[in-house]
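Novice: Quick one: structure below, then a few questions.
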Amino acid sequence: MSTEIDDLIDELRTEAAADRPPAETPDVGIIMGSDSDLDTMAGAYEALSELGFEEDTGEGAESRFSYESYVVSAHRTPDLMYAYAETARERGLSVIIAGAGGKSADLPNMTASIAFPVPVIGVPVQEKSVDSVIGMPTGAPIVAVDAGKSFNAGLSAAQLLASDHEELAERLVDYHEELESEVGTVSRELHEQGIEVFREDP
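Quick note on UniProt numbering: the sequence shown kicks off at 1 and runs consecutively.
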C-alpha cells in the first residue's frame, strides 16, 4: 500500500476519533471510483452548492451545511474504501453519494454495506453500471439514481438531511417552486407565441 493511501487512511481515522460538533463536520460525502468520473459527478456538487452547501477541503467550512469529496476505488484501493465507509458516521457524515462506472461498479454497494446505517446514494456513471449499483440483496439497502443523474443524487442527499433541518427543507421548497415557475413561463410563451415563433426565439 502506498504512503499516500496510508496517510489518507490515518487522517480519516484521526478525524473519526476527534470530538467535533456536528455543525463543524461535513454532512455529505461524495466519493467516486476514479477522477475520470468527476464530469459525471459534478451534478451532485452543483445541486448541493445551489442549496447553500459549501465544500470542506479539510480546513472547515463557513456554511452550516457542507460536503467533502474523495476518489476511492473499490478495486484499486479497497483499504481506503473500508476506512472511508467505516469512519463515515464517526466523522459526522449523514449521507454518502457514491459514483462508479464500468460493469463492476462496486463502490456504491460496498460502501453502503460497510457504512450502514449511514445511507448511501449510488450514481451509476454509465448505463452499463446500473445493474451493478442497484444489485443489493435484501437487508443491505442502497438508494440509487439513474445513470449519470448525479444532480438528483445531490438533491436526494439534501432531502434526507431536511427531515432534521427546517432551513434545508425551506431551501428545497424554494428550489422546487422556482422550477414550477420556469415551466409556467415557458408554457405561457409557447401558448401565446405559437410553436413556430416559439421555436425561432433563441
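C-beta: ideal position from N, C-alpha, C; glycine also.
Remember, predicted model here, so these are calculated numbers, not experimental data.
Do Tyr175 and Glu55 have their CB atoms nearer than 8 Å?
Specialist: No, they are not a contact pair.
Novice: What does DSSP give as the partner residue(s) for Ala23 in the beta ladder?
Specialist: Beta-bridge pairing links Ala23 to no other residue.
Novice: Measuring alpha carbon to alpha carbon, tell me which of Glu59, Val186, Val125 and Val173 ends up nearest Asp37.
Specialist: Nearest C-alpha to Asp37: Val125.
Novice: Would you decide whether Asp27 is buried or exposed? Buried here means 16 or more other CB atoms lie within 10 Å of its CB.
Specialist: That one is buried.
Novice: So the beta strand (DSSP E) Glu68 belongs to, where does it begin and stop?
Specialist: From DSSP, the beta strand (DSSP E) with Glu68 extends over Ser66 to Val71.
Novice: CB-CB under 6 Å to Ser156, same chain, minus the five flanking residues each way: which ones, in chain order?
Specialist: Within the same chain, Ser156 has close Cβ partners Ile121.
Novice: Put Glu55 into one of helix, strand or coil per three-state DSSP.
Specialist: Strand at Glu55.
Novice: Decide yes or no for the touch test of the segment 21-35 against the segment 107-118: beta carbon pairs closer than 8 Å, at least 3 of them.
Specialist: Contact between the segment 21-35 and the segment 107-118 is present, because at least three Cβ pairs lie under 8 Å.
Novice: Classify Met32 as helix, strand or coil using the three-state DSSP reduction.
Specialist: Met32: strand per DSSP, three-state reduction.
Novice: Exposed or buried, what is Leu179 when buried is set at 16 or more other beta-carbons lying within 10 Å of its beta-carbon?
Specialist: By the 10 Å Cβ count, Leu179 comes out exposed.
Novice: Please confirm whether residue 265 and Leu80 have their CB atoms less than 8 Å apart.
Specialist: What is shown of the chain runs 1 to 202, which leaves residue 265 out entirely.
Novice: Does DSSP put Ala96 in a helix, in a strand, or in coil?
Specialist: Reading off the sequence shown, one finds Ile at residue 96, where the question assumed Ala. Looking at Ile96 - three-state DSSP - the assignment turns out to be strand.
Novice: Could you please give me the residues that DSSP links to Ile121 through a beta bridge?
Specialist: Partner(s): Ile97 and Val143.
Novice: When the Cα of Gly148 is compared with those of Val186, Pro78 and Ala98, which residue comes out closest?
Specialist: When each option's Cα is compared against that of Gly148, the closest is Ala98.
Novice: Taking the alpha helix (DSSP H) that Asp7 belongs to, which residues open and close that run?
Specialist: Asp7 -> alpha helix (DSSP H) spans Thr3 to Ala17.
Novice: How long is the line joining the alpha carbons of Gly184 and Ala112, rounded to whole angstroms?
Specialist: Their backbone Cα atoms lie some 39 Å apart in a straight line.
Novice: Can you grab the Cα-Cα spacing for the pair Asp39 / Lys128, in whole Å?
Specialist: Roughly 17 Å between the two C-alpha positions.
Novice: How would you write the range of the alpha helix (DSSP H) that Glu200 sits in, first residue to last?
Specialist: Per DSSP, Glu200 belongs to the alpha helix (DSSP H) from Ile195 to Glu200.
Novice: Of the choices Ala16, Ala18 and Met41, whose alpha-carbon is the least far from that of Thr150?
Specialist: Just to set this straight, residue 150 is Ser in the shown sequence, not Thr. Out of Ala16, Ala18 and Met41, Met41 has the C-alpha closest to the C-alpha of Ser150.
Novice: What number of angstroms, rounded off, separates the C-alpha of Gln193 from the C-alpha of Glu177?
Specialist: Between Gln193 and Glu177, the C-alpha separation is close to 24 Å.
Novice: Would you mind giving the Cβ-Cβ distance between Ser94 and Leu160, rounded to the nearest angstrom? I have them listed as a contact below 8 Å.
Specialist: Right, the Cβ-Cβ distance comes to about 7 Å (below 8 Å), so this counts as a contact.
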